[in-house]
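Visitor: Residue numbers (the numbering used here): 661 to 1229.
1) Under three-state DSSP, which class holds residue 661?
2) Using the Cα positions of residue 1079 and residue 974, report the straight-line distance between them to the nearest angstrom.
3) In terms of alpha-carbon separation, which member of 1184, 899, 706, 926 lies closest to residue 849?
4) Which value, in whole angstroms, describes the spacing of the CA atoms of residue 904 and residue 938?
5) Go through the segment 912-996 residue by residue and report every complete run of the beta strand (DSSP E) that reaches 3 residues or more, in order.
6) In whole angstroms, what is the alpha-carbon distance linking residue 988 and residue 1110?
7) Whose C-beta lies closer than 6 Å to the C-beta of residue 844 among residues of the same chain, with five residues either side of it excluded?
8) Is the beta carbon of residue 729 less than 7 Å from the beta carbon of residue 1113?
9) Which class does residue 679 belong to by DSSP, given the choice of helix, strand or coil?
10) Can you tell me the Cα-Cα spacing of residue 1012 and residue 802, whole angstroms?
11) Smallest Cα separation from residue 715: which of 832, 958, 815?
12) Given residue 867, which residues of its chain have a CB within under 6 Å of its CB, disregarding the five upstream and five downstream residues?
13) State the start and end residues of the unbroken alpha helix (DSSP H) segment that holds residue 1129.
14) Could you spell out the range, first to last residue, of the alpha helix (DSSP H) harbouring residue 687?
15) Given a threshold of 16 other Cβ atoms within 10 Å of its Cβ, counted over all protein chains shown, does residue 1081 qualify as buried or as exposed?
16) Specify the secondary structure class of residue 825 as computed by DSSP and reduced to three states.
17) Note down, in chain order, each residue of its chain lying with its Cβ closer than 7 Å to the Cβ of residue 1158, except the 5 sequence neighbours on either side.
18) Cutting at 8 Å between CB atoms, please list the residues of its own chain near residue 935, excluding the five before and the five after it.
19) Mark residue 809 as exposed unless 16 or more other C-beta atoms lie within 10 angstroms of its C-beta, in which case mark it buried.
20) Taking 7 Å as the threshold (C-beta atoms), are residue 723 and residue 750 in contact?
21) Quick one: what's got a C-beta closer than 6 Å to residue 1098's C-beta in the same chain, skipping five residues either side?
22) Which runs of the beta strand (DSSP E) at least 3 residues long sit entirely within the segment 1019-1044? Give them in chain order.
23) How many whole angstroms separate the CB atoms of residue 684 and residue 805, which I take to be in contact at a CB cut-off of 8 Å?
24) Throw me the rounded Cβ distance for the residue 891 and residue 911 pair, which I believe falls under 8 Å.
25) Using the three-state DSSP reduction, which class does residue 707 fall into: helix, strand or coil?
26) So, helix, strand or coil for residue 1101, using DSSP?
27) Contact between the segment 963-983 and the segment 1092-1107 is defined here as three or more beta-carbon pairs at a separation below 8 Å; is this criterion met?
28) First and last residue of the beta strand (DSSP E) that includes residue 1141?
29) Can you have a look at residue 794 and say buried or exposed, based on whether 16 or more other CB atoms are within 10 angstroms of its CB?
30) By the DSSP assignment, the beta strand (DSSP E) with residue 1009 in it spans what residues?
31) Assuming residue 1217 and residue 1126 form a contact by the criterion Cβ under 8 Å, report the distance between their Cβ atoms to the nearest whole angstrom.
32) As a quick exercise: from 1015, 909, 1190, 765, pick the residue whose alpha carbon is nearest that of residue 1000.
33) Who are the near neighbours of residue 830 in its chain, counting only those whose CB is closer than 6 Å to its CB and skipping five residues on each side?
34) Starting from residue 1216, follow its DSSP beta bridges and name the residues at the other end.
35) Could you round the C-beta distance between residue 1006 and residue 1132 to whole angstroms and report it? I think they count as a contact, below 8 Å.
36) Could you check if residue 700 is buried or exposed, using at least 16 other CB atoms within 10 Å of its CB as the buried criterion?
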């Protein structure tokens, strides 16, 4: 017995041996733990909080960001089972979701340890030997970090970028959200208001099943208590079984630290802002919200972004958009490249809808830690690629793949892999034999690893190189209907062109140019969703101190990419 374990025993501290330890009872953490246990491993799921389900059940993100192709959901396996059991539609009841997670854990025999925050690690490079909490020390040959911030991997020595550092713009994080619960709101009236033809056509609002989205014009008049820290976006609503509505709309900015105590302090402060929001809604629309009451706020913040792992492979934005496949893909993604704002008042990021893309196993594998996988939005995705790859359905599919991978290593002889010289996740990632076995097992479990729908690269189009470079920085906006393509021959929309300028100028802080862009958005608000014409573009360029663009016609996205690459160095 190692000396440090003997010392723990003498001090009376708990010590346990497992085949696999998963840190973080997030949706992907649950999927990883359940899959590994189903494959025959002894698994401990260690969670610093008081419940399982993470952002879905503790952060109250009660609407799933699902993606489909002609065959249905892009994710099968455990996610599809979970989706069916919570109702088979995007929005769900959060209490029901937590019950389903607990049932999956119990049936598979996972040992769950709640309220055990990470206290330390034991590392003997390149291996993580033990995870320490105030209550126990967990030793295992394999570990998975499924926490939102990849804190275990960070402490074990894995390297990361922070926020959108990789874009060269700054190190900011996307806004977080505090979801809150409203009681006393007549859902029938809200449903009708959101589906009113004029509202749908003008603002894109709508409602279906348990879900509602809209009221963008209403919330535009809200003034936060601190405009540098809070903003209110259009309301995303999820009706719960008790008739209450969960509201995803209150954005928090400036979360620079990843310390749990700091995040909890910000959550409590934001709860006061939620009271202010509800008072605003009651006053501005008494017909729909006059009887609304703030019942609760979510126990956890919805964290969209934190660190990004420097993995064996980093998934890039164009690989997502254009639907790239990989020989070691262990899950499919397809949700739009849809990023939240980094600054209060900023136009959200929309870069188009991907063709179904594969996520390589290598994106989960740190360079420095051989027996650890990172399975969360903090895995090996460039920050812009994570606009799509961060969503829960894909993360649950990756969690299942990670759990099966751990079982494959631990039980290699039984899997017929005696001749594969491996024992670490890094060795598995380098073994075609082992990857083939992993992918085969995922398919047997009902997973999906391919799609008939493919992207279109347009490598021969003018502006391709510039468009890819801009896309990687989040500076090549595109509408939802551009699926699996950069659309270089398509006309660029005025709103997309201005969004690219706005995002760059906010980050780089040239105030005069930003004022020009925001004024153009205000003056030509009714034209934002129409193709940009050269005369108007010339006016904008001249206001920015740039030479005009000659001609009278429209501007293609390829031509705009070349222009933007000069304007946004």
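Positions of the beta carbon are idealized from the N, C-alpha and C atoms, including for glycine. For clarity, every value in this text was computed on a predicted model and none was experimentally measured.
Guide: Let me spell this out:
1) Because residue 661 sits at a pLDDT of 42, beneath the cut-off of 50, its placement in the model cannot be relied upon, and the point is left open.
2) Model confidence at residue 1079 stands at a pLDDT of 44, short of 50, so the residue's coordinates are unreliable; what they give is reported in the following sentence. Residue 1079 and residue 974: Cα-Cα distance of roughly 29 Å.
3) Across the set 1184, 899, 706, 926, the C-alpha of 899 shows the shortest separation from the C-alpha of residue 849.
4) Residue 938 has its alpha-carbon roughly 14 Å from the corresponding atom of residue 904.
5) Entirely contained in the segment 912-996, the beta strand (DSSP E) runs reaching 3 residues are, in chain order, 953-957, 967-969, 989-993.
6) Rounded to whole angstroms, residue 988 and residue 1110 show a C-alpha spacing of 12 Å.
7) Same-chain partners within the cutoff: 951, 952, 953.
8) In this structure, residue 1113 lies closer than 7 Å to residue 729 by Cβ.
9) Coil.
10) Inter-residue distance for residue 1012 and residue 802 is about 37 Å (C-alpha atoms, whole angstroms).
11) That would be 958, whose Cα lies nearest to the Cα of residue 715.
12) The beta carbon of residue 867 sits closer than 6 Å to those of 851, 854, 855, all from its chain and outside the five residues before and after it, given in chain order.
13) In the DSSP assignment, residue 1129 falls within the alpha helix (DSSP H) that extends over 1124-1132.
14) Element bounds for residue 687: 687-698.
15) For residue 1081, the predicted model reports a pLDDT of 44, less than 50, meaning its position is unreliable; a value from the coordinates is still stated below. If you draw a 10 Å sphere on the C-beta of residue 1081, you find fewer than 16 other C-beta atoms in it, and that means exposed.
16) Residue 825 falls in the helix class under three-state DSSP.
17) Excluding positions up to five away in sequence, the list reads 1177, 1180, 1181.
18) These residues qualify, in order along the chain: 954.
19) Burial call: buried.
20) Less than 7 Å separates the beta-carbon of residue 750 from that of residue 723.
21) In chain order, 1065, 1068 place their CB closer than 6 Å to the CB of residue 1098, counting only its own chain and leaving out the 5 sequence neighbours on each side.
22) As summarised for the segment 1019-1044, the continuous beta strand (DSSP E) elements at least 3 residues long and confined to that stretch are 1032-1034, given in chain order.
23) Rounded, the Cβ-Cβ distance is 7 Å, consistent with contact.
24) Confirmed, about 5 Å.
25) In this structure, residue 707 counts as coil in the three-state DSSP scheme.
26) If DSSP states are grouped into helix, strand and coil, residue 1101 belongs with the helices.
27) Cβ pair count under 8 Å is below three, so no.
28) Element bounds for residue 1141: 1138-1143.
29) The residue is exposed, with fewer than 16 neighbouring Cβ atoms inside 10 Å.
30) First-last of the beta strand (DSSP E) with residue 1009: 1009-1013.
31) That belief does not hold up - the Cβ atoms of residue 1217 and residue 1126 are roughly 10 Å apart, past 8 Å.
32) The shortest Cα separation from residue 1000 among 1015, 909, 1190, 765 belongs to 909.
33) So the qualifying residues of the chain are 1167.
34) Beta-bridge annotation (DSSP): residue 1216 is paired with 1151.
35) Cβ atoms of residue 1006 and residue 1132 stay farther apart than 8 Å, at about 19 Å.
36) The residue is exposed, with fewer than 16 neighbouring Cβ atoms inside 10 Å.
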